[in-house]
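Numbering (my numbering), first residue to last: 1458 to 1582.
We put the CB at the ideal spot given by N, CA and C, even for glycine.
Source: prediction; values computed, not measured.
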């Protein structure tokens, strides 16, 4: 069974994709850039952008019946790998207990000029 996740607490999809999907006992989010879902604005710093991206991920996971505590893997896309340490400090505040696996890569460009994009896969009990 596949269920589409849609929440107003994260930015709406800006293309032919879903915010997230529930497939069996797994929840997968699309990559989340740091758009504030209420204002459509994006903060300037990597710290603020990381916090907003993860807040968006959290909203989608929760709408799908999961949570940050149940995330098993994330992928972080950075515009500049020099932002890794600052991103990592904020990232660490969103995860406790068993930490998810993670990939982090530098990319040439992100949508809307974002500095970071984050996607996650979690489980449902």
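Taking a cut-off of 8 Å on C-beta distances, the stretch 1527 to 1534 touches the stretch 1571 to 1582, as three or more cross pairs fall below it.
Judged by DSSP in its simplified three-state form, residue 1572 adopts coil rather than helix or strand. For residue 1566, the secondary structure class from DSSP, reduced to helix, strand or coil, is coil. Residue 1531 carries a strand assignment under DSSP once its states are collapsed to helix, strand and coil. Contact annotation, residue 1575 with residue 1511: C-beta distance approximately 6 Å; criterion of less than 8 Å satisfied.
For residue 1538, there is no enclosing alpha helix (DSSP H), as DSSP gives it neither H nor E.
Judged by pairs of C-beta atoms under 8 Å, the stretch 1561 to 1576 touches the stretch 1502 to 1516, as three or more such pairs exist. In the structure shown, the three-state DSSP call for residue 1483 is strand.
Note that the stretch 1536 to 1555 touches the stretch 1491 to 1508; at least 3 beta-carbon pairs, one per stretch, sit closer than 8 Å.
Within the same chain, 1487 come within 6 Å of residue 1474 by CB-CB distance, once the 5 residues on both sides are set aside.
For residue 1458, the secondary structure class from DSSP, reduced to helix, strand or coil, is coil. In terms of Cα proximity to residue 1494, the closest of 1468, 1480 and 1568 is 1468. Look at residue 1489 here: in three-state DSSP terms it is strand.
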